[in-house]
Each structure stands twice: as C-alpha cells, then as structure tokens.
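Peer 1:
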Amino acid sequence: MSVVAGRLESTMTEDLSPAERYAAARQRAAEQATALASFREMYEFGLDPFQIEACQALEAGKGVLVAAPTGSGKTIVGEFAVHLALQQGKKCFYTTPIKALSNQKYADLAKRYGADRVGLLTGDNSVNSEAPVVVMTTEVLRNMLYAGSQSLLGLGHVVMDEVHYLSDRFRGAVWEEVIIHLPESVTLVSLSATVSNAEEFGDWLDTVRGDTEVIVSEHRPVPLFQHVLAGRRMYDLFEEEGAGRKKTVNPDLTRMARLEASRGYNPRDRRKGKMVREADRERERRQRSRIWTPSRPEVIERLDAEGLLPAITFIFSRAGCEAAVQQCLYAGLRLNDDAARVAVRELVEERTASIPNEDLHVLGYYEWLEGLERGIAAHHAGMLPTFKEVVEELFVRGLVKAVFATETLALGINMPARSVVLEKLVKWNGEQHADITPGEYTQLTGRAGRRGIDVEGHAVVLWQRAMSPEHLAGLAGTRTYPLRSSFKPSYNMAVNLVEQFGRHRSRELLETSFAQFQADKSVVGISRQVQKNEEGLEGYKASMTCHLGDFEEYARLRRELKDRETELAKQGAVQRRAAAAAALEKLKPGDVIHVPTGKYAGLALVLDPGLPAGRANGHRGFDHQDGPRPLVLTAERQVKRLAAMDFPVPVEPVERMRIPKSFNARSPQSRRDLASALRTKAGHIVPERHRKGRAAAADDREIARLRAELRAHPCHGCDDREDHARWAERYYRLLRDTQQLERRIEGRTNTIARTFDRIVALLTELDYLRGDEVTEHGKRLARLYGELDLLASECLRAGVWEGLAPAELAACVSALVYEARVGDDALAPKLPSGRAKAALGEMVRIWGRLDGLEEEFRISQAEGVGQREPDLGFAWAAYMWASDKGLDEVLREAEMPAGDFVRWCKQVIDVLGQISAAAPRENSTVGRNARKAVDQLLRGVVAYSSVG
618 MSVVAGRLES TMTEDLSPAE RYAAARQRAA EQATALASFR EMYEFGLDPF QIEACQALEA
678 GKGVLVAAPT GSGKTIVGEF AVHLALQQGK KCFYTTPIKA LSNQKYADLA KRYGADRVGL
738 LTGDNSVNSE APVVVMTTEV LRNMLYAGSQ SLLGLGHVVM DEVHYLSDRF RGAVWEEVII
798 HLPESVTLVS LSATVSNAEE FGDWLDTVRG DTEVIVSEHR PVPLFQHVLA GRRMYDLFEE
858 EGAGRKKTVN PDLTRMARLE ASRGYNPRDR RKGKMVREAD RERERRQRSR IWTPSRPEVI
918 ERLDAEGLLP AITFIFSRAG CEAAVQQCLY AGLRLNDDAA RVAVRELVEE RTASIPNEDL
978 HVLGYYEWLE GLERGIAAHH AGMLPTFKEV VEELFVRGLV KAVFATETLA LGINMPARSV
1038 VLEKLVKWNG EQHADITPGE YTQLTGRAGR RGIDVEGHAV VLWQRAMSPE HLAGLAGTRT
1098 YPLRSSFKPS YNMAVNLVEQ FGRHRSRELL ETSFAQFQAD KSVVGISRQV QKNEEGLEGY
1158 KASMTCHLGD FEEYARLRRE LKDRETELAK QGAVQRRAAA AAALEKLKPG DVIHVPTGKY
1218 AGLALVLDPG LPAGRANGHR GFDHQDGPRP LVLTAERQVK RLAAMDFPVP VEPVERMRIP
1278 KSFNARSPQS RRDLASALRT KAGHIVPERH RKGRAAAADD REIARLRAEL RAHPCHGCDD
1338 REDHARWAER YYRLLRDTQQ LERRIEGRTN TIARTFDRIV ALLTELDYLR GDEVTEHGKR
1398 LARLYGELDL LASECLRAGV WEGLAPAELA ACVSALVYEA RVGDDALAPK LPSGRAKAAL
1458 GEMVRIWGRL DGLEEEFRIS QAEGVGQREP DLGFAWAAYM WASDKGLDEV LREAEMPAGD
1518 FVRWCKQVID VLGQISAAAP RENSTVGRNA RKAVDQLLRG VVAYSSVG
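Heads up: the sequence shown is residues 618 to 1565, going by our numbering.
(1) State whether the stretch 1248-1256 contacts the stretch 1177-1191, with contact taken as three or more CB pairs (one from each stretch) at a distance under 8 angstroms.
(2) Comparing alpha-carbon positions, which option in Y711, S746, I1143, F1264 lies nearest A1193?
(3) At 4 residues or longer, what runs of the alpha helix (DSSP H) sit wholly inside the stretch 895-960?
(4) State the DSSP-derived secondary structure class of C1163, mapped to helix, strand or coil.
(5) Between which two residues does the alpha helix (DSSP H) holding D976 run?
(6) Would you say the stretch 1052-1071 touches the stretch 747-763, given that touching needs at least three Cβ pairs under 8 angstroms?
(7) Can you check DSSP and say which residues form a bridge with D1052?
(8) Could you tell me the boundaries of the beta strand (DSSP E) in which R1584 lies?
(9) Leaving aside the five residues before and after L1174 along the sequence, list all residues of the same chain whose C-beta is less than 8 angstroms from its C-beta, in chain order.
(10) Mind checking L770: buried by the 16 CB within 10 Å criterion, or exposed?
(11) How far does the alpha helix (DSSP H) with L1554 in it reach, from first residue to last?
(12) Taking DSSP as the reference, what is the three-state secondary structure of D1225?
(13) Since V831 and L946 should fall inside the 8 angstroms C-beta cutoff, what is the C-beta to C-beta distance between them, to a whole number of angstroms?
(14) Where does G1557 sit, in a helix, a strand or coil, going by DSSP?
(15) Is it right to say K1149 is buried, meaning 16 or more other beta carbons lie within 10 angstroms of its own, or is it exposed?
(16) Give the DSSP bridge partners of F1021, in chain order.
(17) Looking at C-alpha atoms only, which residue of R962, L920, I669, H978 is the closest neighbour of A1515?
(18) Taking C-alpha atoms, which residue in V1528, L1379, E1512, H1333 lies nearest to L1413?
(19) Express the C-alpha separation of P1423 and G559 in angstroms, rounding to a whole number.
(20) Give every residue of the same chain whose Cβ lies closer than 6 angstroms to the Cβ of D1071, excluding the five residues on either side of it in the sequence, and list them in chain order.
(21) Tell me whether F1004 sits in a helix, a strand or coil according to DSSP, three-state version.
(22) Name the DSSP beta bridge partners of L1219, please?
(23) Is there contact between the stretch 1154-1164 and the stretch 1356-1364, where contact requires at least three CB pairs shorter than 8 angstroms?
(24) Measure the alpha-carbon distance for H1075 versus N814 and round it to whole angstroms.
(25) At which residues does the alpha helix (DSSP H) containing I1576 begin and terminate?
(26) Just to confirm the assignment, what range does the alpha helix (DSSP H) spanning T1381 have?
(27) Determine the direct distance from the alpha carbon of H997 to that of I796, and round the result to whole angstroms.
(28) Helix, strand or coil: which one does DSSP assign to F1518?
(29) Do G992 and L952 come within 7 angstroms of each other at the CB atom, strictly closer than that value?
(30) What do you get for Q843, buried or exposed, if any count of 16 or more other CB atoms within 10 angstroms of its CB means buried?
(31) R850 by DSSP, collapsed to three states: which one?
(32) Look at the alpha carbon of F855 and the alpha carbon of G789, and state the distance between them as a whole number of angstroms.
(33) What residues in its chain sit with their C-beta under 7 angstroms from that of Q673, if we drop five residues either side in the sequence?
(34) Check whether the stretch 1397-1414 touches the stretch 1494-1511, counting contact only when three or more Cβ pairs, one atom from each stretch, lie closer than 8 angstroms.
(35) Suppose only complete runs of 4+ residues qualify. What are the alpha helix (DSSP H) ranges in the stretch 1464-1488, listed by chain order?
(36) Quick one: any contact between the stretch 907-919 and the stretch 999-1013, if contact means 3 or more CB pairs under 8 angstroms?
Spelled out as structure tokens, the structure:
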C-alpha cells in the first residue's frame, strides 16, 4: 500500500464508529487473504475495475469472457489465471492464435515465474512441455484434446487469448473445438477484442462451459484522437466536443472533399455563358494546392516534428513496406542519435550471431541493419522470423521509431506506439480490393497510445483522392464489430469425435457449437412469424366456412384448376416462342418479312439473320443468349437489329430480293435506294393474319375433370360463394408464405449436424467408419490435421509415397500445405523429376477422385468443407532445400521472400511429423523417411529460433 493511500485510509477510518472500524478491518483482512491481493502486489500500477471484476469472478470459480479494447490490459486477467492455477497446485495452458504471440507470452511468463515453471509448445518449438504453465498455439491444444494427452491431467485453467479469432474462416473452427471439448473441470478464460455481440457469445459459453461472467469494457486507458493528414496540414477528424454534444465531422475536411470533387475550370465554359472571374480561379488554385497526399518520408518527418513518434504505418502490401523503408533511407531520414545507433548494432549482432555470414547477404541483412540504425524498419510475414523479432524488441525499447507494417502486426503482438498511420482505407482481401471494416480499423488503430507512457494516442489517415470524411468518421465512430462463427466439421474432426463419443453423441456435441447457436437464434424471429401466420390461418379458415359443405376442399379444387390453366398457358407461351425462334433461324439475307409487333412493325428486308455463333449458315454469327437477332432494313429506311420480343408469333418470308454488293448500311443514300426498291417489290403484299390455334386447355382431361368436380360440389351453389372464395384466396396465400418460412427454418436448423452426416456417409463409403467403429484407416486419419487431411490419408493408404527419398517426400508433402498468394499462374510449376513427379501426379489423381465423391455426397468447398486441389508450387523449393542446396540458390529458384520460405518449410515439417506418426509401422519406408525429411529441412534459416 502506498504512503498516500495509507494516510487517506487512516483519515477515513477515524471518522467511523468502533463497530464500523471493526467491520472494515475484517473486510481488509479477508481481502488480504485472497489470491487477488497477492497478485496485485506483483504490479507497480493499480488494476482497472474491469480487471478486478474479472479476477474476482475467476477466484470465485467462474469462467470469464473479457471483451475490451486493444491495449486496455485484458491479458492481466489471463496472467491472474496463471497465478491462481499455480497457487492451487494446478496447471494452466495459455493459448494464442499465432506463434509470435506465443513466443512473446512465454518470454513474459518465464521472466515472472521462472523458466523452470513455464513451457512452450508451438509447431516449431517444444520447451519444458510438462511445466505447470504452458504457452501454446490453439491448434496444439486441440490436437492434445483429440489425442487424450496425459498433459491434460491436473489442468485447472485455460486462457484463450484473442478468442475473437474464431471468426477467422480458415482457422476459427479450432477455437470452438477446444471450447466444446475441454473437460468440464477446466475453468475457461476468454480474452477478446471489443465485439458488439459479447453477450451472445457469453450466453453460448454459459451453455457449453457452465457459469460464465461476461465483462465488457469500452474504456480506453489512453484516449485516442483521430486525424487526417493532407498536404502540410494535419486536420482533426472530429470537431471539438462540447458537453453533451455529438461528435461531428470537421467541416474543413467536408469542404476539402467537396472542393476536390468539384469540376475544375474549363476555358470552354466561357462559350456556354459561364463566366468565371479570375479572382475565383486564383482562389480555387490556391486551395487545391494545399491538398495532396504527403510522401512516406514527409509523413515521418511531420510526425517527428509534432512529437508523435514512435509510429506504426500500416501498408497493406509487403512490397510497399520494404519500399517505404527504402524511400525514407533515400530521403536521408535519421531518427536515432549515435548512442542509439550503437545500441541497435549491439542488439542486432547479438540476436543474429547464429546466422552464417554467407546467408546474411542473401537475406538483405546489411540494408535491413542500415534502416534499423536510423530507427526505421519494415514488419511483415515475408521477413525472416528472427528479423521480425529483432524489430519488435527494438521498437518496444524505443530504438526503432518508425515501422511500416502489414495488418498481421495488429494480431495481438505487443508493439504499442504513440501514433498509428493508415495510408489507405482499402486492402486486398485475397479476392478483391475491399474497404476495411470498422472492426479492422479498430484493431489497427488500437495500437496507438502506450499505457503508462503516453497521455494520448493518435490515429492518422492520409488524405487520398475521392476520400469521404463521413465514411472515415463512420469507421472511427463504430467501436465494435460482431463475432461470427466460422465453425465447420472436417474429416479429421469427424473420426476423432466418433472414436471418442460415437456418432449420436458426436452429432449432439456439434449441435452445441457457436455456429449452430447463432443459426438457431436467427430463426427465433422467423419462428415467431410462423406462429403469427398460423393464428391468421385459423382466422381465415373460420371466415371461409360454408353451411353447404367443406369450402376448404372446394377452394382447393379451384386452386388446382387455376394452377393447371396457368401451367398450360406457360407451356403454350414457351411453344410459341420456340416456334418463332425456329422460324427466325430459317431466315436468309434477302428475305422480305412483315415484323408483327414492336416499334419497327411492318415491312422489312433481312440483311443478316443474326444467328447465334456457330449457326450462321455461312454468315458471321453473333453471340446472342436469347436466340436469333436479325438485322433488317425497314421500309422507313432504318437499319435495326431486332430481338425475339419483336416476333411473338412465327414469321415467314413473303418475298425475296437481291441485296446489292455495293449496299452500305451506314450510307443514307444506299438505305434510301434499297428501301424504295423494297416498297416497290413488296409494298402491295398484305400480311396474313396469324391464326390462333385451339387452346390446350380446351382438350385437357385434367381441366375437364376439375371443372366437373367443381360444378358437382355442394358449395358451388352457395350464394356467398365468391365472398368465401376471397377468404380462401387469402388463406392459401398466407399458407404459401408460411411454408416458405418453415423451409427457411429447416435450412438453418441442424445445419452443422447435416454437414457432419454427409461427411460421415463419405467416410463410411471409404471404410474409415463402420457405424460407431473407427477402422484402422480412420485411426490413421485421426492423426492427420490440416486442410487436406483426407487426401494425405488416402495417399498413405494407396502407398503413393512408398520408396521416395526424404527430399522427394518433402516435395510431395509440400503440396498438402502450400497455397500460392496469387491466382493460378500461366506457367506450370517446376517439379522434381522421376519418382517425386510421378507421386505428385498420383496425388492430383487421388484428389480428383475425392472431389467427385464430395460432389456426390454434397460436400461443398464453397461452404468451407472439403478438399481443395493440392498446390505444387512449393514442391521444387522444398526438394532443393531438403537436398542441402544453398539458401541463395533456393530463394532465387523459389522467387519468394525468406519469411515465406521459412513459414512454408515449417508447415511442411509439421505435416511430415504427423505423417511419421500416422504411417504404417510395418513394411513401410514412409514414417522413417518423413523423420529424415524433417531433419533435412530443419537447418539454416529454418532452424533459427529466438526461443529455446
């Protein structure tokens, strides 16, 4: 307790009665005895109310969901769970979505509790994995749960950091799997960014995990100010707020946007009588000269001058980040003094000491170091992990003051800055350039403002052409975004669930997913409407009651008659259109016709029959989707291309004419001469009137039967028959609407379970499952995690990889994990020759067979379920690296950044590890060679790690 706080408390207690002082003393003693009291003493700063509330709920044995802004300190609650588990003699698992965050959290906890009590488990590292506190990626915990790992014994708490990641369409399902399958005895701590449906997510957690406290904090400990940088001036996005006044967009920005959107001065305006005074033009030129997008070095210089560094500038492109650093270096920017330069060099040399000198040049080390010494760096997934970690450490120490980063930096890595700069409000989402969402804007700008260092944080958006200040204000003003489940069953999930729980229980478990919870909630409103409609139907039924008989039956006969007549009318219309199109297809140039209807009705000469491509009878065809479109010359000298709608009935030539070779449709004289000849030749011919055929309804037996039944029905003679019929019409209209709503409900309920049933049916077809029994093939599939789990299992089953050398196996396995960042290239990827090439070809053939099966069992990749086609684009790079080729040669051949190369190699290593565990033990070389391939890949830059 601080001296000031102690004095204040003693002053307050002097004013209390003896009984009140005794009660206060007892309360203090009780508080001092809690785990929270000892935990608070570990921090120099006091805890915020939301942190205290969450910690108290945890100590009371409840699960918690904490939703709070980035940088608000919600990880304190996770750290309290660690403290509580250690105090209770239990284990705590701390899960994160990305390895970099796991490494960072491991370092923090090891520093606080000692390296002997903290472990790390990621795809790359395993450090002290049996420690009481283990930091891991969420996938590792999911795999442990399915494998029934002994490490789960004694587990008391699980912290799920960045739990809002379950919205991620590629990996989000893993979070739900963990939440659903964790033992009931485990207390769950969920830490999320501020989401607008935290209560809904909390309700679901309450359903699947038991008593869960939802704690939402909208308060940012460091206030955030929004700006727009245009030219040399930085504008506030919002006007100064008065007491009780609503935030409004700065009128200067609105005026600037309007000015930029307005059309500039045009000399021709004078001729239109729009005289523009020279003074007005001069004023407009001066205003326009103040609006431009400043360059990257100008932005950093401006922020430095305003005292707004360190800053993170988000650029949604890796190449853009690297280019930004180069631009700042060429501009001569230096943000570090000599002492800082020395400190940077010492730390960099210490962290990169294990990298061989020959690799440093390939990795662009010297250019990277020059930027760091000047206080400038890039940060993106294409960088070597060691380089990224050095940038993070230097930035936190204040030795790097300007970082140009892609949005991956916003994913929880602890790199707060004084300012955040957004170059654009548009980014490539993998399919198209799209506006960033309010949630993404909140996540990115949440980095601005360092708690305990900055009084305020600043978000700066650069002015761009056609920028809308109102749109930006909408992004900045929407503080939250909804959490949407991306959960989908997979093949691996299906066999693991069936093995543990059987099919029926597995189906029930999947029905408890957040995805199904949200789908079920969405049908509540529809269900209410169905209930209202059913009440309405009862009322209509009563109103159409007839004393002579069953009017509902009579109304049904009337409706059947009407439906049959409509159906026959449609068939007739289709037949007439088909006959008209067939007649048009027979037309030839020189045919004289009478156009029956439309704007150009009357006599016409066919210049070109306008047949669809490929059916032009020697004439150039046109790609018309709706049949022939003849080009004609009318008797009024107009050349027009007609459409099918101009010919509701078949048309036949009434005469033929020769079209002169010299005829030019663009020449008025040419048109006039030919039209005159047309009128002379056929103007006297009167077109035959098209005779309507006998209506199909007249000879239809079904219609005759229904009419007879109607006339014989007792209600046919009722005086109020038409009044009853109006109520019946309303009844059937409402009944049709109600049935549509019921189909929508059916489509949304049990969606997850139905997908699971289709997956189980396919796995049964392939002999992975037999009822509730998991076959040997199924047990192999249960050990294979990943997007192409079933393809990997089928390759093992078919012996596709038998006899391959370790480097060849690495090339084949790369096709299971690699996905090119851009669309399909025109050039086929380079592949290793011999057995590896043959094996890759066989993998593609097996995928083709599985793709056909998935189509048969209605398993759709569009819904996020199923096997995508294997991508062979990394096979050559993996083969070369596993064959001990140098880094320079491999990166040059692979044409990819070092960071991407390392990441894909580590993913290949991860799957090779799974394959070595799943491969047959007897009469197989795959398991042994998979382990050798791991050893051959895990060298040089791939083996560098800052942990362990």
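Glycine included, C-beta positions come from ideal geometry on N, C-alpha and C.
Peer 2: According to the structure shown:
(1) no
(2) Residue identity check: residue 1193 is Arg in the sequence provided, not Ala. The residue with the shortest Cα to Cα distance from R1193 is F1264.
(3) 895-906, 913-922, 935-947
(4) strand
(5) 974-979
(6) no
(7) V1043
(8) Nothing about residue 1584 can be read from this structure; the chain reaches only from 618 to 1565.
(9) L1323, E1326, L1327, H1330
(10) exposed
(11) 1543-1554
(12) strand
(13) With a Cβ gap of about 49 angstroms, V831 and L946 do not count as contacting.
(14) helix
(15) exposed
(16) T930, A995
(17) H978
(18) V1528
(19) The requested residue 559 is not part of the displayed model; the chain covers only 618 to 1565.
(20) V839, R1035
(21) helix
(22) Reading off the sequence, residue 1219 comes out as Gly, not Leu. Partner(s): V1212.
(23) no
(24) 27 angstroms
(25) What is shown of the chain runs 618 to 1565, which leaves residue 1576 out entirely.
(26) 1368-1382
(27) 30 angstroms
(28) helix
(29) yes
(30) buried
(31) strand
(32) 36 angstroms
(33) L653
(34) no
(35) none
(36) no
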